[in-house]
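Let me begin by presenting the structure, written as structure tokens, before commenting on it.
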Amino acid sequence: MTGESLHVTNPFSALRHPAFARFALGSTLCGVAQFLAGLATPFLINQLTDSNSWVGAASFAALLPAVIGTPFAGALADQMDRRLLLLAGIGLQILVMVTIVVLYTSDRLTPWLILGLNFLGGSASSFLWAPTQSLAAVLVPRESLAAAVRMVSITFTVARSVGPVLAALTLAFGGPGLAFSAALGIYLVGFSVLTTVKTGWSPTGGGGSLRSQLGDGISYVRARPEMRLAFRLAFTVASL
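Offset between the sequence shown (1-based) and our numbering: plus 200.
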């Protein structure tokens, strides 16, 4: 393998493109905030209820929207501005986090409210993965696309690693209030960075209606045994 090919496949080479670098930074920050809040919430609900059932219900409420929202998000990413779709999802997450902080500081955050807010936050999260993945294709030239896709995966891994560490530190030294406030602050910084990302891509509208795209996707999966198996395995693992 030549030095040139190594340079091309190096995921960090995609950061040479300023728009993608800002996108990677903003996505990483928002991911850190999401994982931070995602651990602070079950910690709080366990404090409030001392019940494993409530903790499980809160997690289920956050993950359930992904079953319905993610396929719609994939179709919407071809129908509308992917950047706006991403910002709308993160904006909703920020509103949810603001609500949590306000209710917590006023001592009005109940387990039932947490379930409802988790459902809203999970609904927002379900619309983030498709635009996050597809934006890489419009922020870098074709020769850097492989590196950009790998870099997107790295940003997720970094967020998944840093978020829980920050959750442990903030929960240990300041409790859920500090953890939620830190998540909100990181969300706002990440959102601000993402608003500076501009793309030259616009939806063409040539892929058919949203309904037809969803139907095509379902038909594609049903026609391929390996895809059906992959979906069954993913659903089974996620249900454990």
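Glycine is no exception: its CB is placed at the ideal position from the N, C-alpha and C atoms. Keep in mind it's a predicted model, so treat the numbers as computed, not measured.
Best match in the options for proximity to residue i [C-alpha to C-alpha]
i: residue 356; options: 317, 230, 374 and 238; result: 230
i: residue 263; options: 237, 218 and 323; result: 323
i: residue 259; options: 312, 308, 272 and 283; result: 312
i: residue 301; options: 397, 380 and 399; result: 380
i: residue 286; options: 314, 223 and 303; result: 223
i: residue 238; options: 251, 318 and 247; result: 318
i: residue 333; options: 426, 369, 354 and 315; result: 354
i: residue 310; options: 372, 246 and 347; result: 246
i: residue 399; options: 250, 284, 249 and 265; result: 284
i: residue 168; options: 276, 288 and 251; result: Nothing about residue 168 can be read from this structure; the chain reaches only from 201 to 440.
Alpha carbon of residue i to alpha carbon of residue j, nearest angstrom
i: residue 352; j: residue 240; result: 25 Å
i: residue 242; j: residue 255; result: 6 Å
i: residue 215; j: residue 374; result: 35 Å
i: residue 211; j: residue 305; result: 42 Å
i: residue 154; j: residue 336; result: Residue numbering for the chain in the displayed model covers 201 to 440; residue 154 lies beyond these limits and cannot be assessed.
i: residue 397; j: residue 308; result: 37 Å
i: residue 349; j: residue 358; result: 15 Å
i: residue 281; j: residue 338; result: 11 Å
i: residue 257; j: residue 423; result: 35 Å
Whether residue i touches residue j by CB criterion (7 Å)
i: residue 267; j: residue 362; result: no
i: residue 320; j: residue 296; result: yes
i: residue 340; j: residue 220; result: yes
i: residue 393; j: residue 226; result: yes
i: residue 331; j: residue 244; result: no
i: residue 272; j: residue 360; result: no
i: residue 315; j: residue 383; result: no
i: residue 213; j: residue 368; result: no
i: residue 270; j: residue 326; result: yes
Secondary structure of residue i, DSSP reduced to three states
i: residue 260; result: helix
i: residue 246; result: helix
i: residue 289; result: helix
i: residue 424; result: coil
i: residue 207; result: With a pLDDT of 46 at residue 207, under the threshold of 50, the modelled position of that residue is not reliable, and no figure is offered here.
i: residue 308; result: coil
i: residue 380; result: helix
i: residue 351; result: helix
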